[in-house]
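A.B. asks: If you count the sequence shown from 1, you need to add 1407 to reach the working numbering.
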Amino acid sequence: MSQHLLLPLAILAISPILGAFQDSALSPTQEEPEDLDKEAGRDCGRPEPSGRIMGGSDAQPGAWPWQVSLHRGGGHMCGGALIAPSWVLSAAHCFVTNGTLEPAAEWSVVLGVHSQDGPLDGAHVRAVAAILVPDNYSSVDRGADVALLRLASPARLGPAVRPVCLPRASHRFAHGTACWATGWGDIQETDPLPVPWVLQEVKLRLLGEAACQCLYSRPGPFNLTFQLLPGMLCAGYPEGRRDTCQGDSGGPLVCKEGGRWFQAGITSFGFGCGRRNRPGVFTAVASYEAWIREQVLGSEPGPAFPTQSPQPQSGLPEPTDENCTIALPECGKAPRPGAWPWEAQVVVPGSRPCYGALVSESWVLAPASCFPSLISSDRAPRDLDAWRVLLPSRPRAEQVARLVPHENASWDDASNLALLQLRAPVNLSAAPRPVCLPHLEHYFLPGSRCRLARWGRGEPAPGASSLLEAELLGTWWCHCLYGSQGASVPPPGVPPQALCPAYQEEEVEGRCWNYSHWSLLCREEGTWFLAGIRDFPSDCLRPRAFYPLQTHGSWISHVTRGAYLEDQLAWDWGPEGEETETQTCPPYTEHGACGLRPEPAPMGVLWPWLAEVHIAGEQVCTGILVGPDWVLAATHCVLRPGSTTVPYIEVYLGRAGASPIPQSRQVSRLVTSIHLPRHLGLRPPLALLELSSRVEPSPSALPICLHPGGTPLGASCWVLGWKDPQDRVPVAAAVSILTPRLCHCLYQGILPPGTLCVQYAEGQEDRCEVTSAPPLLCQTEGGSWVLVGMAIRGSQELFAAISPEETWISQTVGEAHFLTPSGFPHWLPEGGDLCPPDLASASGSPRAALFLLLLISLTQG
Ligand code: ARG
């Protein structure tokens, strides 16, 4: 033992002659790899001179002399470590694509390089003669991610080019040891190392197998877990933030023992970079001692495998009972909604305070439009010295060092953002505490609980906080209600164009909100994310579609280098997550979306335009929402024959009979007036009911589209009603609309103009009861639902068409959604109005007559 302890001293003594290493290569004394002293003589793992990634910093030139850069196609691709003059250790996945090893000729090794910008002074390059990868390597997650590169000619050793020591299979690196990873890889996910590409170093702690497995067994980013395999090693921190990243692969993880640096690991993979509970995974070099020795056999001088000193006590089992310390999110915790510990008030002399959010120790995110000087001139404001930031629980105001506007210089509404850097970082605790920011791929689940928070300039609206509670709508609803016509709906994992809150309470009439902007905070597992931003809506109503913040995460991390981007915490995607077909939104009318209903409609989905019209607490009629404050109903149902006074009428939307629709999604309105078109003679069949106030469009209350005329061909049509007027569970009966000629012939002489006749599909005749006057609807090819007619008194088959009343409806309801007729083929003009002679006599039974008529037209055709 003591002999081994003395060894490092001996090596130290001979180190000055190491420059002559290459010349001694032929020395016969070095041909015995088993001879420990001789092997140790091939010195390794000592940077000289000793001067001296994510969360790392610039390395000193020559501090890591074994670090090499592997180039392909003229650029850095991977890292590697020099282990002997002619050998570089790296990762297999750098060289294997789709199961095939890339040709060695395409690669070159750059040694002794520090900054990769400009001429690589002091560095030299070697061609690669061979790339060796273990036979059992298939992909990073299956392990054996190790490769050896034999250089075409030996490296020129010097102060900046020296080999590292390799551990023997028996070598044990103690858990918790601070080791160093180095490389020219990305400094954050999606953020490459900036010019001048100086080698980065980061201190990482070795994690025991059990501790690491414990972290990886908890679902993390993308809801994934991972089973570590023998030959893998973890290093990093449960809280993340310091890690290797893309481009560091193949590079070394080195630990100092007894004055020498041993390579414990090869950078292999991770889940994202620096994410919480996802430390970097390295190939454990000690596990590959035999393989490495086998590959380099006969090559002199080979790599050095110095004995570990002191030797590990044999027989001692590895501690596997390490307690698992998982890290919890450090951002987004609030004592209660509304008491936001990240709320930052930016005070610019001469203007009203502007609200933003603390996103890290030293950065505040706020609307760029709060700082007009930013927009009027390119340069940062000159009076930055006078700016102050007020944070919760801080005794004094913070000073501002820098103002960085969003990289999209236009600052359109979607990127109306600026970052302010504080002069001194604040200590994070319960308050101030940063808000969490979502990663690009974040999918806020439909039904997520959200709150509106102040953003930008404004005065708090007193007592209004309860009105700012919301649940997120599903992506389909959000895009199709507020997106663009025919747009495809982004599936989960693809950033949405908008996030839409559905408010828990009804809008308060006449209240106008006093803010310039809003932010949308959404909660997952008790952690709040800044999900979206939005300028003040011009209609004074609460905003309905927010610009998602997730698309700005890379700009924010790029500028702040440490904003708290947090992984998605809730993963129950529900039926929407399983939707595989890309969906497109049905066409819009000039007044926006109408007649939307998801297809296929999951259980419990409402017919959002179907209204219950309660007349004087007695009769209940069917009504159809045709505009934000108008419902169409059958005159005979809502007005007693002969009566001219408006009864007390209540309208309910967002109900589905007895089924348990949350109270918050139900809407009720009083009817303030009833409008009838001016008709001569007969009482007009259709009535428009004006509601006491507008209804916000939502999946439970949305206007239908209106049919512009002709009979929709090829559309599927339904009578939508209630089976039982007591429980009023909506039912739809499939029907086909007959041609005007068929209809005319069947009911010759008795039909008012503009009457439509339908035929029910087999067995569907009795689905809807008729006293409530059910509507006739069709679904267009584009997917929207259109109202075609309303039932005529007491009839199951006859409907008063909407289209003849188009002018009256459009004039009364400014925002009525009449579709453009072009989308609807009309019936071709039919020759004459001659009816087959037998029909009139058979008309006592419309069914029998219909059958006859169909028969006749078939034989004639
Ligand atoms: N596979 C990456 C590369 O090719 C290395 C990723 C390391 N990632 C991490 N989170 N530790 O460069």
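By construction, the Cβ of each residue, glycine as well, lies at the ideal position given by its N, Cα and C atoms.
Going straight from the alpha carbon of residue 1443 to that of residue 1557, what length do you get?
C.D. replies: Indexing the sequence shown from 1 puts residue 1443 at position 36. Indexing the sequence shown from 1 puts residue 1557 at position 150. For residue 1443, the pLDDT reaches just 41, beneath the cut-off of 50, and the residue's location in the model is therefore unreliable, although a value from the coordinates is still provided. Straight-line Cα distance between these residues: approximately 24 Å.
A.B. asks: Taking the Cβ atom as the reference point for each residue, do residue 1487 and residue 1566 lie within a distance shorter than 8 Å?
C.D. replies: Numbered from 1 along the sequence shown, position 80 holds the residue referred to as residue 1487. Numbered from 1 along the sequence shown, position 159 holds the residue referred to as residue 1566. Their beta carbons are not under 8 Å apart, which means residue 1487 does not touch residue 1566 by this criterion.
A.B. asks: Applying the 10 Å Cβ sphere with the 16-neighbour rule, what's the burial state of residue 1936?
C.D. replies: The residue given as residue 1936 occupies position 529 in the sequence shown. Its Cβ being crowded by 16 or more others within 10 Å, residue 1936 is buried.
A.B. asks: In three-state DSSP terms, what is residue 1700?
C.D. replies: Here residue 1700 is taken as the residue at index 293 of the sequence shown, counted from 1. Looking at residue 1700 - three-state DSSP - the assignment turns out to be helix.
A.B. asks: Under the three-state reduction of DSSP, which class applies to residue 2147: helix, strand or coil?
C.D. replies: Position 740 of the sequence shown, counted from the start, is the residue given in the question as residue 2147. Correct three-state label for residue 2147: helix.
A.B. asks: Among 1954, 2163, 1844 and 1610, whose alpha-carbon lies nearest the alpha-carbon of residue 1641?
C.D. replies: Here residue 1641 refers to the residue found at position 234 of the sequence shown. Among 1954, 2163, 1844 and 1610, the Cα nearest to that of residue 1641 is on 1610.
A.B. asks: Report the partner residues of residue 2021 according to the DSSP bridge assignment.
C.D. replies: For this step, residue 2021 is matched to residue 614 along the sequence shown. 2027 and 2057.
A.B. asks: Per DSSP, what are the beta-bridge partners of residue 1607 in this structure?
C.D. replies: Translated into the one-based positions of the sequence shown, residue 1607 becomes position 200. Note: residue 1607 sits in a beta bridge opposite 1465 and 1590.
A.B. asks: Is the CB-CB distance between residue 1463 and residue 1620 below 8 Å?
C.D. replies: By one-based count along the sequence shown, residue 1463 stands at place 56. By one-based count along the sequence shown, residue 1620 stands at place 213. No, the pair does not count as a contact, with Cβ atoms beyond the cut-off.
A.B. asks: Is the separation between the beta-carbon of residue 2084 and that of residue 1883 shorter than 8 Å?
C.D. replies: Along the sequence shown, one-based indexing puts residue 2084 at 677. Along the sequence shown, one-based indexing puts residue 1883 at 476. No.
A.B. asks: With a cut-off of 8 Å on the beta carbons, I'd call residue 1767 and residue 1969 a contact; round off their distance for me.
C.D. replies: Position 360 of the sequence shown, counted from the first residue, corresponds to residue 1767. Position 562 of the sequence shown, counted from the first residue, corresponds to residue 1969. Yes, they are in contact, since the Cβ atoms of residue 1767 and residue 1969 sit about 5 Å apart, within 8 Å.
A.B. asks: Drop a sphere of 10 angstroms on the beta-carbon of residue 2133, count the other beta-carbons inside from all chains shown, and report buried for 16 or more, exposed for fewer.
C.D. replies: Along the sequence shown, one-based indexing puts residue 2133 at 726. With fewer than 16 Cβ atoms within 10 Å of its Cβ, residue 2133 is classed as exposed.
A.B. asks: Just to be sure I understand the criterion: a residue counts if its Cβ is closer than 6 Å to at least one heavy atom of the ligand ATP. Which residues meet that?
C.D. replies: As far as ligands go, the structure on display features the ligand ARG and does not contain the ligand ATP.
A.B. asks: Looking at residue 1491 and residue 1540, is the spacing between their C-beta atoms short of 8 Å?
C.D. replies: In the sequence shown, counting from the first residue as 1, residue 1540 sits at position 133. In the sequence shown, counting from the first residue as 1, residue 1491 sits at position 84. Cβ distance not < 8 Å, so residue 1540 and residue 1491 don't count as in contact.
A.B. asks: Taking all protein chains shown into account, decide if residue 2233 is buried (16 or more other Cβ within 10 angstroms of its Cβ) or exposed.
C.D. replies: By one-based count along the sequence shown, residue 2233 stands at place 826. Low per-residue confidence applies at residue 2233: pLDDT is 45, beneath 50, and the placement is therefore not dependable enough to give any value.
A.B. asks: Can you give the Cα-Cα distance for residue 1493 and residue 1686, rounded to whole angstroms?
C.D. replies: For the purposes of this step, residue 1493 is identified with residue 86 of the sequence shown, where counting begins at 1. For the purposes of this step, residue 1686 is identified with residue 279 of the sequence shown, where counting begins at 1. If you take the alpha carbons of residue 1493 and residue 1686, they lie about 32 Å apart.
A.B. asks: By how many angstroms is the C-alpha of residue 1659 removed from the C-alpha of residue 1536?
C.D. replies: Locating residue 1536 in the sequence shown gives position 129, counting from the first residue. Locating residue 1659 in the sequence shown gives position 252, counting from the first residue. Each residue's Cα considered, the two are about 21 Å apart.
A.B. asks: If you draw a straight line from the alpha carbon of residue 2056 to that of residue 2039, how long is it in whole angstroms?
C.D. replies: Translated into positions along the sequence shown, residue 2056 becomes position 649. Translated into positions along the sequence shown, residue 2039 becomes position 632. If I take the Cα positions, the gap works out to 13 Å.
A.B. asks: At the level of alpha carbons, what is the spacing between residue 1600 and residue 1483?
C.D. replies: Here residue 1600 refers to the residue found at position 193 of the sequence shown. Here residue 1483 refers to the residue found at position 76 of the sequence shown. Computed Cα separation, rounded: 11 Å.
A.B. asks: Judging by CA-CA distance, which residue of 1693, 1504, 1669 and 1644 is the nearest neighbour of residue 1569?
C.D. replies: Numbered from its first residue, the sequence shown carries residue 1569 at position 162. Measuring from the Cα of residue 1569, the nearest candidate turns out to be 1669.
A.B. asks: Roughly how many whole angstroms lie between the Cα atoms of residue 1913 and residue 2191?
C.D. replies: The residue given as residue 1913 occupies position 506 in the sequence shown. The residue given as residue 2191 occupies position 784 in the sequence shown. The straight-line gap from Cα to Cα measures roughly 26 Å.
A.B. asks: Just to confirm before moving on: does the CB-CB distance between residue 1842 and residue 1745 stay below 8 Å?
C.D. replies: By 1-based counting over the sequence shown, the position of residue 1842 is 435. By 1-based counting over the sequence shown, the position of residue 1745 is 338. The answer is no: Cβ separation not under 8 Å.
A.B. asks: Taking 8 Å as the threshold (C-beta atoms), are residue 1477 and residue 1516 in contact?
C.D. replies: Numbered from its first residue, the sequence shown carries residue 1516 at position 109. Numbered from its first residue, the sequence shown carries residue 1477 at position 70. A contact, by the Cβ cut-off of 8 Å.
A.B. asks: Which same chain residues, not among the five before or five after residue 1552, have their C-beta less than 8 Å away from its C-beta?
C.D. replies: Locating residue 1552 in the sequence shown gives position 145, counting from the first residue. Excluding residues within five positions, the ones whose Cβ falls inside 8 Å are 1498, 1499, 1500, 1544, 1673, 1675, 1676 and 1690.
A.B. asks: Who are the near neighbours of residue 1833 in its chain, counting only those whose CB is closer than 7 Å to its CB and skipping five residues on each side?
C.D. replies: For the purposes of this step, residue 1833 is taken as residue 426 along the sequence shown, with counting starting at 1. Taken in chain order, the residues that qualify are 1768, 1798, 1801, 1805 and 1839.
A.B. asks: Can you tell me which of the three DSSP states residue 1694 falls into?
C.D. replies: Counting from one through the sequence shown, the residue named residue 1694 turns up at place 287. Note: residue 1694 maps to helix in three-state DSSP.
A.B. asks: Evaluate residue 1459 with the Cβ neighbour count: other Cβ atoms within 10 Å of its Cβ, from every protein chain shown; 16 or more gives buried, anything less gives exposed.
C.D. replies: Reading the sequence shown from its first residue, position 52 is the one you call residue 1459. Residue confidence is low: residue 1459 scores 42 on pLDDT, short of 50, so the model does not pin down where it sits. Its coordinate-derived value is still stated next. Exposed: under 16 other Cβ atoms inside 10 Å.
A.B. asks: Check each candidate in 1827, 1815 and 1822 and name the one with the smallest Cα separation from residue 1792.
C.D. replies: Residue 1792 sits at position 385 when you count from the first residue of the sequence shown. Nearest option by C-alpha distance: 1827.
A.B. asks: I'd like to confirm the pairing. Which residues does DSSP put opposite residue 1522 in its beta bridges?
C.D. replies: Counting from 1 along the sequence shown, the entry for residue 1522 is found at position 115. 1605, per the DSSP bridge assignment.
A.B. asks: My output table needs one value for residue 1791: the three-state DSSP class, helix, strand or coil.
C.D. replies: In the sequence shown, residue 1791 corresponds to position 384, counting from 1. Reduced to three states, the DSSP call for residue 1791 is helix.
A.B. asks: Measure the beta-carbon distance from residue 1892 to residue 1995 and round it to whole angstroms, keeping in mind my assumption that it falls under 8 Å.
C.D. replies: Counting from 1 along the sequence shown, the entry for residue 1892 is found at position 485. Counting from 1 along the sequence shown, the entry for residue 1995 is found at position 588. Between residue 1995 and residue 1892 the Cβ distance is about 4 Å, and since that is below 8 Å, they are a contact.
A.B. asks: Since residue 2140 and residue 2171 should fall inside the 8 Å C-beta cutoff, what is the C-beta to C-beta distance between them, to a whole number of angstroms?
C.D. replies: By 1-based counting over the sequence shown, the position of residue 2140 is 733. By 1-based counting over the sequence shown, the position of residue 2171 is 764. Sure, about 4 Å apart at Cβ, within 8 Å.
A.B. asks: Enumerate in chain order the residues of its own chain whose CB-to-CB distance from residue 2212 is below 7 Å, with the five nearest sequence positions on each side excluded.
C.D. replies: Position 805 of the sequence shown, counted from the start, is the residue given in the question as residue 2212. The residues are 2084 and 2093.
A.B. asks: With three or more beta-carbon pairs closer than 8 Å as the criterion, would you say the stretch 2106-2118 touches the stretch 2014-2021?
C.D. replies: Yes: at least three Cβ pairs fall under 8 Å.
A.B. asks: Assuming residue 1879 contacts residue 1855 under a Cβ cut-off of 8 Å, what Cβ separation, rounded to an integer in Å, is found between them?
C.D. replies: Numbered from its first residue, the sequence shown carries residue 1879 at position 472. Numbered from its first residue, the sequence shown carries residue 1855 at position 448. Confirmed, about 4 Å.
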